[in-house]
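*Asks:* Dumping the structure here so I can ask a few things about it.
In the numbering used here, the protein residues as written are 46 to 320.
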């Protein structure tokens, strides 16, 4: 497990990669700086086509909240900084309406430098109120994906999809967002929403951030709608582990695009490159 060092030079390089102005494979970096580039570089790259990543923070015993629903401090301070870095590197962040109503997340970038992603809520029945903070006009794109004919405030983009038993198809959701120009997406919550995208095989990669605490009971992180009955059928991703400091993140590659994103952009060895 490799510790990461996300200093200002590393982060500026990652933001440049996001803009297509640089790469993560060239330059002289320390071991921990290279680990940070390896962790975040695949999210920053835009040369490999569309990417969908999911991120979930949980306790050692696999819980994402207490029995009362308190999820505020599941991730440690470094886990929260990691989440904000991920937001800064993607084009849009997707959450389910239950997460929007219960946790009232801001989905902004506050703990690092970088742009705010588009805020996207999956709301099949149109339950999110129009005065929700997520829909506040602040210059960031706001998108609601719903299955009902419900008008939204001016400036809020609405995607209408057909539902099945009050559920929207992950493949259709991703396709509709791609058509809106959002290439790199992060499914941030909650656990049920992430599980549905994972089971539908619509994730490029999955990151599970584990904080060193035991909750004892409460909602679990990932619960597949149709869980496998045999271990031989279980998803076995190629996984790397990184120490964030307060938390440990497991980065799971789920398809060929994720594996390609870990390969150098340039053929020349990094030791021969100049910063």
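Yeah, the Cβ is synthetic: ideal placement off N, Cα and C, and Gly gets one too.
So what's residue 136 in DSSP terms, helix, strand or just coil?
*Replies:* Coil at residue 136, not helix or strand.
*Asks:* On the criterion of 16 or more Cβ atoms from any shown chain inside 10 Å, does residue 98 qualify as buried, or is it exposed?
*Replies:* Buried: at least 16 other Cβ atoms inside 10 Å.
*Asks:* In chain order, which continuous runs of the alpha helix (DSSP H) of length 4 or greater are located wholly inside the stretch 287-314?
*Replies:* As far as the stretch 287-314 is concerned, its whole alpha helix (DSSP H) runs of at least 4 residues are 301-306.
*Asks:* Quick check: the Cα distance between residue 139 and residue 212, rounded to an integer number of angstroms?
*Replies:* Near 15 Å, if we compare the C-alpha coordinates of residue 212 and residue 139.
*Asks:* Residue 154 and residue 187: beta carbons closer than 8 Å?
*Replies:* No.
*Asks:* Rounded C-beta distance between residue 177 and residue 145? I'm assuming under 8 Å.
*Replies:* Right, their Cβ atoms sit about 7 Å apart.
*Asks:* From what residue to what residue does the beta strand (DSSP E) around residue 190 run?
*Replies:* From DSSP, the beta strand (DSSP E) with residue 190 extends over 187-191.
*Asks:* Please specify which runs of the alpha helix (DSSP H), each continuous and at least 4 residues long, are wholly inside the stretch 77-132, giving them in chain order.
*Replies:* Segments of the alpha helix (DSSP H) lying fully in the stretch 77-132: there are none.
*Asks:* Who are residue 204's beta bridge partners in DSSP?
*Replies:* Note: residue 204 sits in a beta bridge opposite 190.
*Asks:* To the nearest angstrom, how far is it from the Cα of residue 68 to the Cα of residue 310?
*Replies:* Taking the straight line joining both Cα atoms gives about 7 Å.
*Asks:* Which residue or residues does DSSP assign as beta-bridge partners of residue 235?
*Replies:* The partner list for residue 235 (beta bridge, DSSP) is empty, contrary to what the question assumes.
*Asks:* DSSP state of residue 41, grouped into three classes?
*Replies:* In the structure as shown, the chain begins at 46 and stops at 320. Residue 41 is therefore absent and cannot be evaluated.
*Asks:* Less than 8 Å separating the beta-carbons of residue 264 and residue 241?
*Replies:* No, they are not a contact pair.
*Asks:* Between the Cα of residue 292 and those of 277, 273, 258, spot the shortest distance and give me the residue it belongs to.
*Replies:* Checking every option, the nearest Cα to that of residue 292 belongs to 258.
*Asks:* Tell me the DSSP secondary structure of residue 145 in three-state form.
*Replies:* It is helical.
*Asks:* Across the stretch 169-176 and the stretch 190-198, are there enough close Cβ pairs to call them in contact, namely three or more that are closer than 8 Å?
*Replies:* Yes: the two stretches touch, three or more of their Cβ pairs being nearer than 8 Å.
*Asks:* Can you tell me whether residue 156 is helix, strand or coil according to DSSP?
*Replies:* Three-state DSSP puts residue 156 in coil, outside helix and strand.
*Asks:* So is residue 297 buried or exposed if we call it buried at 16+ other beta carbons inside 10 Å?
*Replies:* Looking at its Cβ environment, which holds 16 or more other Cβ atoms inside 10 Å, residue 297 is buried.
*Asks:* If we require 3 or more residues per run, which beta strand (DSSP E) segments fall completely within the stretch 213-263?
*Replies:* 229-234, 250-256, all fully within the stretch 213-263.
*Asks:* Evaluate residue 313 with the Cβ neighbour count: other Cβ atoms within 10 Å of its Cβ, from every protein chain shown; 16 or more gives buried, anything less gives exposed.
*Replies:* In this prediction, residue 313 has a pLDDT of 47, which is less than 50 and means its spatial position is unreliable; what the coordinates show is noted afterwards. Classification of residue 313: exposed, given that the 10 Å Cβ count is below 16.
*Asks:* Since residue 102 contacts residue 124 with CB under 8 Å, what's their CB separation in whole angstroms?
*Replies:* That pair is a contact at about 5 Å.
*Asks:* Look up residue 166 in the DSSP assignment and say whether it is helix, strand or coil.
*Replies:* Residue 166: strand per DSSP, three-state reduction.
*Asks:* Count the other CB atoms, across all protein chains shown, that sit within 10 Å of the CB of residue 280; report buried if there are 16 or more and exposed otherwise.
*Replies:* By the neighbour-count rule (16 or more Cβ atoms within 10 Å), residue 280 is not buried but exposed.
*Asks:* Can you tell which of 57, 76, 141, 181 has its C-alpha closest to the C-alpha of residue 169?
*Replies:* That would be 141, whose Cα lies nearest to the Cα of residue 169.
*Asks:* Would DSSP call residue 172 helix, strand or coil?
*Replies:* DSSP places residue 172 in coil when its eight states are reduced to three.
*Asks:* For residue 118, count neighbouring C-beta atoms within 10 Å of its own C-beta (all shown protein chains included) and say buried if the count is 16 or more, exposed if not.
*Replies:* It counts as exposed.
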